[in-house]
Amino acid sequence: MAKAVKIILYSVLALLILVAVGAVALSSMVDPNDYKDQIVAQVKSHTGRDLRLEDDLSLSFFPWMGIEMGAMELGNAPGFGSEPFAKLNSLEVRVKLLPLLSRRMEVATLKLKGLTLNLAKDATGRSNWQDLGAGQDHDTGSKQAHQTSQKGASAEASEAVSPLEALVVGGVEVHGGVLNWSDAQSGASHAVEGFFLEMGRFELNRSVPLAMGFNVTLKDPVMTGTIRMESQMTVDLKQQRYRFEMQPLSLALSGPSLPNGSVEAALKAVVDADMASEKLTVGDLKVQGMGLDLTGSVEGTNILTEPQFRTDLSMTPFNLRKMLGKLGVVVEAKDATALTQVGMALTAQANTEAVDISTLAVDLDGSKLAGTFSVQQFDNPALRFSLHLDALDVDRYLPAGKAASGAKATPKESLTNKASASSSPSEEMDLAPLRTLNLDGSLKVDSLKASGARIRNLTVVVKAEQGMIRVSPLRAQLYRGALDAAVTADARGKRLAFHVRPNLKGIQAGPLLSELADVKQLRGTLNAKADLTFRGLESAQINRTLSGRGHFAFTDGALVGINVARLIRNAYHTFRNQPLEPEGAFEKTDFTSLNASVRMNNGAISNQDLKMVSPLLRITGKGSANLPKDRINYVVSSGIVGSLKGQGGESINELKDAVIPIKLYGRLSAPDYTIDMETFLKENLKTEAKKKVQEKLKKALGDKIPAGIGEQLLKGLF
């Protein structure tokens, strides 16, 4: 047995000596530079490009089989100038021979220096790499058939070959890499310089350090920067598993278009890829930069065939206001603390056709938004959402001085929305995005403040398809009452067309109008319905196209700022040549009911049935207004049904049942009003004449006066 072992050892030693002697003899007999012309010819045949080998080639065979190449250039495609497509300063690669006998591959440090790639597109969109391989000769083409016929046999042979038991690479060193990119179509010109890749000793199933980085230069926009990454890498070729532990990837950019001239960011993660089972896991994900701190994880399945991903992300509350400031965006919100605490968390699933956020939680300065959101079919997106917001004060985020943010509009501005301003049409809104909008969602808000108005339990359901946007229902509780409305927006025409159907019940009009538009002239409980149409978004367009009908009714209210009783008394004093009563400190007219119906046609408003009832007065009104022209022509007729007291408290019973006309005229935004003295005198004389006729008839006929005879006798006289 010992003799047999000794024979085997001697045989192996003899074989090694024979291999070594043969390798030395081969290296001394073969000069690879003798084949440089053939190498250049083969490259020309297969790529259509000229290869220039500037330095000698060097081969080694034992104990390392290797090749060393000096400077070389590969020519560019025709029409792309004299710059080479690729340049390389040197390449060195060596493989140890003897370990191959035991299916082990040991590679010395792979060294590559000075690789430069010049990639480009011309004005027609042709690239300088798409022709590679187009210059193959006919022999190459004829060989393809033979190669195809041998494919089956090659596949069987490859299956019979055992995989490597081990792979060892002493390291990888790539330095001085440059990538230039230019696009004649867009004018873009970018460069990646100083590329380096350093990898330590590599062995299968063992962690190996990896470092990589490069400098980037952009010309449009002008920007320079560096990207660096350090990682621990583990490779299992047999199981097709790969692991990267990034610690971390850092980015630093500078340029005039960046906020404050520079941006820095960092990414850390652990990436596990199982290619056999098509799974990808990104754990311990952490992204930091510009005040953002994002953490989470990503899981992928079927990543090579039908990719599916699931992610959990969380963003620590950050100062969005400060970040926008760095981006050059000035936030003019009235509240200095607005947008200073913004956080988010979500769980989402995604594939190549859809994204589904199954859990969404947003913290906006203490306001909590939660719900779901999804996008289906990226080529024609369908948006679906269901959201719930606990509370939000919109006015905090609007610029100071605006009506909606607390500095409320004057009644003049509130009534007309500046209708008297220039009516020149503004630039038309692009409705194309609305025509393709596919939307179905709902929003619920527990408490909302907007433009001074306070709303509770807001519910909005919106659907959009083929240019039709419907909001129904639109419900809310506000000012002890309720709103139930439906809104339709039609984007199929040249201008956006609206159809609005509001229904208000039990609204306290005083607080609503006061907080919404600083209008304090009207109080009472409001019930109202309307069916309105209009076009456009600008106030001038709305005023010109507003049409429809509506009805409103106020109960137990008051007209603030006008004392109808005092106006009547002053009219009486004027008629009697008596001194007028001065205006009181607080003027108002109480009423038990006030209702009217209106019709609108392209901004022209008509009302013929205004009626107000109070214990003392009966008021009716009719007339018209024109929103585009900002004009009003309206008459309010006041009738006295009770007893008025004049100066000194004397009774003015002469005015009982008399009609006192008050005429409103001029600008709708700031109307003037006066008593129609001509009508008033006529009605007053008619009333006095009627009384005198009745008194005469009573003396003549006693109590047997036929009903209405006084009116019959006076008919035609007035």
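Residue numbers for the sequence shown follow this note's numbering, so the first one is 310 and each next one is one higher. Beta carbons are placed, not taken as given, at the ideal position from N, Cα and C, and that holds for glycine. The model shown is predicted, which means the values in this text are computed figures rather than measured ones.
Taking residue i as the reference, which of the options has the closest Cα?
i, options, result
"L519", "S571, M542, M532", "M542"
"R789", "V780, A773, L813, V770", "L813"
"Q850", "P782, L936, V873, A800", "L936"
"A1033", "K772, V754, V771, R779", "Residue 1033 lies beyond the residue range present for the chain, which begins at 310 and ends at 1027; the question has no answer from this structure."
"L977", "S571, R940, N342, M532", "R940"
"T768", "A759, L752, Q830", "L752"
"N385", "L740, S369, R358", "R358"
"G1028", "L613, A432, V684", "Outside the shown range of the chain (310 to 1027) lies residue 1028, about which nothing can therefore be said."
"E392", "N437, D899, M632, E401", "N437"
"R908", "G857, V770, N942", "G857"
"E377", "P341, M777, I348, A350", "P341"
"T649", "S667, V640, F627", "F627"
"N745", "A691, K931, I971", "Per the sequence shown, residue 745 should be read as Thr rather than Asn. Out of A691, K931, I971, A691 has the C-alpha closest to the C-alpha of T745."
Residue range of the alpha helix (DSSP H) that residue i falls in?
i, result
"D567", "The amino acid occupying residue 567 in the given sequence is Leu; Asp does not appear at that position. L567 -> no alpha helix (DSSP H), and no H or E assigned at all."
"D850", "For the sequence presented, residue 850 should be read as Gln rather than Asp. Q850 -> alpha helix (DSSP H) spans 848-854."
"Q351", "345-356"
How is residue i classed by DSSP in three states: helix, strand or coil?
i, result
"M599", "coil"
"S936", "For the sequence presented, residue 936 should be read as Leu rather than Ser. Residue state, collapsed to three classes: coil."
"D581", "strand"
"K677", "strand"
"E415", "strand"
"S391", "coil"
"L868", "strand"
"R693", "strand"
"L322", "With a pLDDT of only 43 at L322, under the threshold of 50, the placement of this residue in the model should not be trusted, and no figure is reported."
"D704", "helix"
"P742", "helix"
"P980", "strand"
"G955", "Residue placement at G955 is poorly supported in this model, since its pLDDT is 48, which falls under 50; the coordinates are not used for a value here."
"P341", "helix"
"G819", "helix"
"A334", "Reliability fails at A334, whose pLDDT of 47 lies under 50, so the model's placement of it is uncertain and the value that follows must be treated cautiously. Residue state, collapsed to three classes: helix."
"N879", "helix"
"A454", "Confidence at A454 is low in this model, with a pLDDT of 44, below 50, so its placement is unreliable and no value can be given for it."
"N514", "coil"
"E774", "strand"
"T769", "What sits at residue 769 in the sequence shown is Val, not Thr. In the structure shown, V769 sits in a strand (DSSP, three-state: E or B)."
First and last residue of the beta strand (DSSP E) that includes residue i?
i, result
"L633", "That residue, L633, is in no beta strand (DSSP E); its alpha helix (DSSP H) goes 629-635."
"L560", "550-563"
"D793", "790-799"
"N916", "913-922"
"A1056", "Because the chain is modelled from 310 through 1027, residue 1056 falls outside the range shown and cannot be assessed."
"L925", "Element bounds for L925: n/a, residue is neither H nor E."
"P518", "517-528"
"F1029", "This structure gives no information on residue 1029, because the portion of the chain shown stretches from 310 to 1027."
"N489", "481-492"
"G423", "Here G423 belongs to no beta strand (DSSP E), and DSSP marks it neither H nor E."
"Q786", "777-787"
"Q658", "651-660"
"D755", "748-759"
Are the CB atoms of residue j and residue i within a distance shorter than 9 angstroms?
i, j, result
"L707", "K643", "yes"
"G859", "S906", "yes"
"R403", "G379", "no"
"V481", "L428", "no"
"G845", "T834", "no"
"M624", "L603", "yes"
"N689", "E615", "no"
"D699", "S606", "no"
"R927", "K920", "yes"
"M538", "P557", "yes"
"I612", "A582", "yes"
"K430", "S498", "no"
Could you give the C-beta distance for residue i and residue j, rounded to a whole number, given that I count them as a contact under 8 angstroms?
i, j, result
"F618", "Q658", "7 angstroms"
"F843", "F807", "5 angstroms"
"G509", "F523", "So it is not a contact: roughly 19 angstroms between Cβ atoms."
"L673", "G680", "In fact, because the Cβ distance is near 14 angstroms, the residues do not count as touching under 8 angstroms."
"L476", "L546", "7 angstroms"
"N872", "E896", "4 angstroms"
"V591", "E554", "Contact doesn't hold; Cβ gap of about 11 angstroms is too wide."
"L397", "L424", "5 angstroms"
"S915", "T864", "Their Cβ separation, rounded to whole angstroms, is 24 angstroms, which puts S915 and T864 out of contact at 8 angstroms."
"L831", "L868", "7 angstroms"
"I969", "S933", "In fact, because the Cβ distance is near 21 angstroms, the residues do not count as touching under 8 angstroms."
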